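Engineer: Take the sequence shown: its position 41, counting from 1, is numbered 1509 in the numbering used here, and each next residue is one higher.
Even glycine gets a Cβ: it sits at the ideal position worked out from N, Cα and C.
Note that the structure is predicted; figures quoted are calculated from it, not measured.
Right, I'll just put the structure down here and ask away after.
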Amino acid sequence: MSSELQRQYLKEIGVTVWSERALQIKDIANETDENFLKRSKSSDKNHNQELLNLQEQVKVCTKCELHNSRTQTVFGVGDAASDWLIIGEAPGAEEDLKGEPFVGRAGQLLNSMLLSMGLFREGVFIANILKCRPPNNRDPQISEVNACEKYLKMQIELVKPRIILAVGRIAAQNLLKSDTPIGKMRGNCYSYSDSNIPVVVTYHPAYLLRAPREKRKVWGDLKFAMQKYRELL
């Protein structure tokens, strides 16, 4: 990806680049090219059918009360062979209607965040902590998270990501079993459960739409995630 194109996507997520040097994150900017995109995939992971089977299970799930109010479940989308797994919190009103995570303005901002890293929405896998929308977009209840946890674990097992980007407070705290404020979780690399899969935490795009001043911090988080990913190669 050219520096000019990267600069365009950085502008979209609210980061103003004042000099060429600002784009030269040592060796990381070079990752946002075609070779980086190719490296972020693995040709030996053929779990599409298993994911489809799991998706069918989720469609008819009645493990919690959310099945009574949902329009449809929101399983996840993207490349099942990707090294990158993006995990958000729960479907909102638009996601509930469309059946896809991260749509609308928040989804557009997430797309720009990914593009600033040299990644495409279609080239990562995107899922949520919950597969059904909580009424009025309230925070998920513990019982709902517990009911959905099995599905998320199976998604992670099937996709086999090299790295997870936890987007937002709900995703980060539930994924890492922590009540630490997200502001204090940022800037560190964690491991998912008992695995060695690194987890990097950042703010949710919906929060950034309400607090655009935080977008520069997110760019720091994304650079950190790219750095951790490169260390795995």
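Checking 7 Å against the spacing of the C-beta atoms, do E1682 and Y1697 come in under that value?
Structural biologist: The residue labelled residue 1682 in the question sits at position 214 within the sequence shown. The residue labelled residue 1697 in the question sits at position 229 within the sequence shown. Result no, Cβ atoms of E1682 and Y1697 do not sit closer than 7 Å.
Engineer: Helix, strand or coil for Y1660? Go by DSSP, reduced to three states.
Structural biologist: Within the sequence shown, residue 1660 is the residue found at index 192, counting from 1. In this structure, Y1660 counts as coil in the three-state DSSP scheme.
Engineer: Provide the residue span of the alpha helix (DSSP H) that contains N1614, from first to last.
Structural biologist: Within the sequence shown, the letter at position 146 stands for residue 1614. Its alpha helix (DSSP H) spans residues 1610-1627.
Engineer: Have a look at the DSSP bridge pairing and note the partners of N1596.
Structural biologist: Residue numbering aside, residue 1596 sits at position 128 when the sequence shown is read from its first letter. According to DSSP, N1596 bridges with G1556.
Engineer: Considering only DSSP beta bridges, list what A1634 is partnered with.
Structural biologist: In the sequence shown, the residue the question calls residue 1634 occupies position 166. Answer is I1555, V1669, bridged to A1634.
Engineer: Can you look up S1550 in the DSSP assignment and give me helix, strand or coil?
Structural biologist: For the purposes of this step, residue 1550 is identified with residue 82 of the sequence shown, where counting begins at 1. Reduced to three states, the DSSP call for S1550 is strand.
Engineer: Name the one or two DSSP bridge partners that V1545 has.
Structural biologist: On the sequence shown, residue 1545 is found 77 positions in, with the first residue counted as 1. DSSP lists I1594 as partners of V1545.
Engineer: Since N1521 is in the alpha helix (DSSP H), which residue starts that stretch and which ends it?
Structural biologist: Looking up residue 1521 in the sequence shown gives position 53. Taken as a continuous stretch (DSSP letters only), the alpha helix (DSSP H) holding N1521 covers 1516-1527.
Engineer: With E1557 and N1604 assumed to form a contact (beta carbons below 8 Å), what rounded beta-carbon distance in angstroms separates them?
Structural biologist: Counting from 1 along the sequence shown, the entry for residue 1557 is found at position 89. Counting from 1 along the sequence shown, the entry for residue 1604 is found at position 136. At roughly 14 Å, the Cβ-Cβ gap does not stay under 8 Å, so E1557 and N1604 are not in contact.
Engineer: Roughly how many whole angstroms lie between the Cα atoms of V1635 and V1571?
Structural biologist: Taking the first residue of the sequence shown as 1, we reach residue 1635 at position 167. Taking the first residue of the sequence shown as 1, we reach residue 1571 at position 103. Each residue's alpha carbon lies about 14 Å from the other.
Engineer: In three-state DSSP terms, what is P1603?
Structural biologist: Along the sequence shown, one-based indexing puts residue 1603 at 135. Helix.
Engineer: Alpha carbon to alpha carbon, how far is R1630 from A1679?
Structural biologist: Translated into the one-based positions of the sequence shown, residue 1630 becomes position 162. Translated into the one-based positions of the sequence shown, residue 1679 becomes position 211. So the two alpha carbons sit approximately 30 Å from each other.
Engineer: Whose C-beta lies closer than 6 Å to the C-beta of N1516 among residues of the same chain, with five residues either side of it excluded?
Structural biologist: As a working note, residue 1516 is residue 48 in the sequence shown. Taken in chain order, the residues that qualify are A1548.
Engineer: Buried or exposed: which applies to V1686, given that a residue is buried once 16 or more other Cβ atoms fall within 10 Å of its Cβ?
Structural biologist: On the sequence shown, position 218 is the one that residue 1686 refers to. It is buried - the Cβ of V1686 has at least 16 other Cβ atoms within 10 Å.
Engineer: Assign P1666 to buried or exposed, taking buried as 16 or more other Cβ atoms, counted over all protein chains shown, within 10 Å of its Cβ.
Structural biologist: Mapped onto the sequence shown, residue 1666 falls at position 198. Classification for P1666: buried.
Engineer: So, helix, strand or coil for F1443, using DSSP?
Structural biologist: What the structure shows of the chain is the stretch from 1469 to 1701, and residue 1443 is not part of that stretch, so it cannot be assessed.
Engineer: Following the continuous alpha helix (DSSP H) through G1688, name the residue where it begins and the one where it ends.
Structural biologist: Walking along the sequence shown from the start, residue 1688 turns up at place 220. Element bounds for G1688: 1683-1700.
Engineer: Could you spell out where the alpha helix (DSSP H) holding A1561 opens and where it closes?
Structural biologist: Taking the sequence shown and counting its residues from 1, the one referred to as residue 1561 is at position 93. 1561-1566 is the extent of the alpha helix (DSSP H) around A1561.
Engineer: In whole angstroms, give me the CA-to-CA distance for L1643 and K1621.
Structural biologist: Within the sequence shown, residue 1643 is the residue found at index 175, counting from 1. Within the sequence shown, residue 1621 is the residue found at index 153, counting from 1. Approximately 10 Å between the Cα atoms of the pair.
Engineer: Tell me whether the beta-carbon of V1592 lies closer than 7 Å to the beta-carbon of W1552.
Structural biologist: For the purposes of this step, residue 1592 is taken as the residue at position 124 of the sequence shown. For the purposes of this step, residue 1552 is taken as the residue at position 84 of the sequence shown. Between V1592 and W1552, the CB-CB gap stays under 7 Å.
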